[in-house]
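Novice:
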Amino acid sequence: MASNCSFLVPLALLFLLSVVPVKGDDALIEKICGTIYYRDLCISMLKSNISSMKADVKGLATIMVEFGVTNSSATYSYLKAQLHDEDTKAAFKKNLQYCSTRYSHATRYLRVALHKLSNEEYHRAQTKVAVAGDVPADCEDEFTKSPGLGYPSELSRRGNDLEQICYIARRIIDHLIPDDS
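Numbering (mature numbering (1 follows the signal peptide of the UniProt record, and there is no 0)), first residue to last: -24 to -1, 1 to 157.
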């Protein structure tokens, strides 16, 4: 029995050491985010993803675009839920429908951007991210065309988040594009 226990202790220690996150080199995240307007947001978002500690610049860009996919798809789901609310007025629903379609497109653009990043088509990835980042403004503009309908604060918050995420992703992708292109 003692020999079985002596074998299990090193095995348990090995297991514990393998699941403790290893603090990677923060220097790359600090360097990349240090050049970006939303520096603190960039750092906190990237550091919240454990895979960023081992990522190169392309990996950091991928992580940020994935945050954008998460945001845009969650906003799309939020909008769809608002559309099914019986208390929502018809004119308001029209704008919500427009916005839900646009956020669906944003999610698609960001997924295409992930594909372009994996294929090292950085200019194309950056273009898709930029188009996705314009969706919140398009949505807000649609509401301003309808007198008397205020832009929902929750949608504004979500839109600001997506704009900032896309801005950060584009700035990270800048580091992947050679200066001579």
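Backbone N, C-alpha and C fix where the C-beta goes; we use that ideal spot for every residue, glycine too.
For the candidate residues Asp155, Asp150, Ala145, Pro154, whose alpha-carbon lies nearest to that of Val45?
Specialist: As a first step, residue 45 must be located in the sequence shown, where it is residue number 69. Closest by alpha carbon: Ala145.
Novice: Label Lys92 either buried or exposed according to how many other C-beta atoms from any shown protein chain fall within 10 Å of its C-beta, with 16 as the threshold for buried.
Specialist: Against the sequence shown, residue 92 aligns to sequence position 116. Flag for Lys92 reads buried.
Novice: Restricting to Cα atoms, I'd like to know which of Asp110, Thr64, Cys142 is closest to Met21.
Specialist: Counting from 1 along the sequence shown, the entry for residue 21 is found at position 45. Closest option to Met21, Cα to Cα, is Cys142.
Novice: Would Ala82 and Val111 qualify as a contact pair, given that the criterion is a beta-carbon distance under 8 Å?
Specialist: As a first step, residue 82 is located in the sequence shown; it is residue number 106 there, counting from the start. As a first step, residue 111 is located in the sequence shown; it is residue number 135 there, counting from the start. Yes. Within cutoff.
Novice: Here's a check: name, in chain order, each residue in its chain whose Cβ is nearer than 7 Å to the Cβ of Ile39, leaving out the five neighbours to either side.
Specialist: In the sequence shown, residue 39 corresponds to position 63, counting from 1. Correct list, in chain order: Leu22, Asn25, Ser27, Ser28, Ala31.
Novice: So, does the stretch 98 to 112 touch the stretch 63 to 71, judging by three or more C-beta pairs under 8 Å?
Specialist: Result no; under three Cβ-Cβ pairs closer than 8 Å.
Novice: Rounded C-beta distance between Leu125 and Ala67? I'm assuming under 8 Å.
Specialist: As a working mapping, residue 125 is identified with position 149 in the sequence shown. As a working mapping, residue 67 is identified with position 91 in the sequence shown. Correct: roughly 6 Å between the Cβ atoms.
Novice: Under 7 Å from any heavy atom of the ligand GDP, does the C-beta of Phe43 make it?
Specialist: The model depicted lacks the ligand GDP and carries no ligand whatsoever.
Novice: Apply the 10 Å Cβ neighbour rule to Gly10 and answer buried if 16 or more other Cβ atoms are within range, or exposed otherwise.
Specialist: Mapped onto the sequence shown, residue 10 falls at position 34. Exposed, since its Cβ has fewer than 16 Cβ neighbours within 10 Å.
Novice: From Arg147 to Phe43, what distance separates their C-alpha atoms?
Specialist: Translated into positions along the sequence shown, residue 147 becomes position 171. Translated into positions along the sequence shown, residue 43 becomes position 67. Straight-line Cα distance between these residues: approximately 15 Å.
Novice: Can you give me the Cβ contacts of Cys18 inside the same chain, cut-off strictly under 6 Å, excluding the 5 residues immediately before and after it?
Specialist: As a first step, residue 18 must be located in the sequence shown, where it is residue number 42. So the list reads Cys9, Ile12, Ile144, once near-sequence residues are dropped.
Novice: Within the same chain, show all residues whose beta-carbon is closer than 7 Å to that of Gln102, passing over the 5 residues directly before and after it, in chain order.
Specialist: Start at 1 with the first residue of the sequence shown, and residue 102 comes out as number 126. Result list for Gln102: Arg146, Ile149, in chain order.
Novice: To which residues of the same chain is Glu6 closer than 8 Å at the C-beta, ignoring the five residues directly before and after it?
Specialist: As a first step, residue 6 must be located in the sequence shown, where it is residue number 30. Answer for Glu6: Ile19, listed in chain order.
Novice: Let's see if you can read the secondary structure: which residues bound the alpha helix (DSSP H) around Tyr74?
Specialist: Taking the first residue of the sequence shown as position 1, residue 74 is located at position 98. Here the alpha helix (DSSP H) through Tyr74 covers 66 to 94.
Novice: Going by beta-carbon coordinates alone, are Tyr79 and Leu55 separated by less than 8 Å?
Specialist: Residue mapping note: residue 79 aligns to position 103 of the sequence shown, counting from 1. Residue mapping note: residue 55 aligns to position 79 of the sequence shown, counting from 1. In this structure, Leu55 lies closer than 8 Å to Tyr79 by Cβ.
Novice: Just reading off the alpha helix (DSSP H) that His151 is part of, what are its end residues?
Specialist: Sequence index remark: in the sequence shown, residue 151 carries index 175 (1-based). Careful: His151 lies outside any alpha helix (DSSP H) and carries neither H nor E.
Novice: By DSSP, does Leu55 sit in helix, in strand, or in coil?
Specialist: For the purposes of this step, residue 55 is identified with residue 79 of the sequence shown, where counting begins at 1. Looking at Leu55 - three-state DSSP - the assignment turns out to be helix.
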